[in-house]
Structures are given as structure tokens and as C-alpha cells.
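Shown next, in C-alpha cells, is the structure this report addresses.
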Amino acid sequence: MVTATHEASHRLFQEHPEALAPVFEALGLPPPAKTDFHELSPDTTEIRPVERRADTVLMFEPDMGEHFVVAVEAQTKKDPEKARNWAYYVSYLRAKYDLPVLLVAVCRDPSTAAWAMGPFECAVGP
157 MVTATHEASH RLFQEHPEAL APVFEALGLP PPAKTDFHEL SPDTTEIRPV ERRADTVLMF
217 EPDMGEHFVV AVEAQTKKDP EKARNWAYYV SYLRAKYDLP VLLVAVCRDP STAAWAMGPF
277 ECAVGP
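For reference, each letter of the sequence shown is one residue, going 157 to 282 in our numbering.
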């Protein structure tokens, strides 16, 4: 149920996005102005079917110990799009199964393996 506290906690930033200045400062970014922002739809529902498939997804359920999901990706070459896809796989599987997710990239050559180890960032700032 939506509460007044919940609404106030985010609506402030809809009406006064410049209130994010402390976040920008912490990231080492110049202070924002209200005119620097425009509001986007908060709807994160997929409008059209998007095919995204990890190569293999396994549930690890030992008798004793932590359960988690393993996503295995066979990677034959460097692919700039993979960082985005892998982030989607991990977040989707985490939300779907409510378990930690381990993504394993299986590579045939050391150059691709070194690239696949990352790091891959989804960040703002320098």
C-alpha cells in the first residue's frame, strides 16, 4: 500500500530534482540545476516481448549451505553489449528466484577470459 511517507520520499525529487545535489557532490559531479532534468516514465514493465536468454541457468541447492543460482555464458569473443545483457540476467534472476546469482563466463581464449572478468560498470561519475 502506498503511504504518504513513501510518496513524499520520492515526490520531492520529481518537483525539486536539484535536491540531489549532495549525491552529485559525493560522486564528484558538478551541482545540478533543475533545468538539467526531465522526468521519464517510472514504468519498468516491458511493453514488447524482449528475448533474452542466458546460455544455461542452474539452481545450486546443497543439503547444507547457501542456495544460489548459477548462470553460465559461453563467450567466444569480446562483446561490448554483454555487460548490459549480463547485468540484466543477474538482476532478473535475483528478482525471480530471490537468491544470490553467480554468473560464470566460459571462454576459450585467455584474452576473452581476461575481458569477461570485468569489471563492468553501471555507474555515474568519473
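Here a beta-carbon is modelled for each residue, glycine too, at the ideal position from N, C-alpha and C.
First through last residue of the beta strand (DSSP E) which encompasses residue i
| i | result |
| --- | --- |
| Leu214 | Thr212 to Phe216 |
C-beta atoms of residue i and residue j nearer than 8 Å
| i | j | result |
| --- | --- | --- |
| Phe276 | Trp242 | yes |
| Glu174 | Pro188 | yes |
| Gln231 | Ala272 | yes |
| Leu183 | Val280 | yes |
| Asp211 | Val226 | no |
| Val206 | Leu249 | no |
| Thr268 | Lys238 | no |
| Phe180 | Pro186 | yes |
| Leu255 | His223 | yes |
Residue range of the unbroken alpha helix (DSSP H) whose run includes residue i
| i | result |
| --- | --- |
| Thr268 | Pro266 to Ala272 |
For residue i, the residue or residues it bridges with in DSSP
| i | result |
| --- | --- |
| Val262 | Ala230 |
Where residue i falls: helix, strand or coil (DSSP)
| i | result |
| --- | --- |
| His172 | coil |
| Thr161 | helix |
**OP:** Only counting runs of 4 or more residues, tell me where the alpha helix (DSSP H) segments fall wholly within the stretch 175-260, in order along the chain.
**Re:** 177-182 and 238-253
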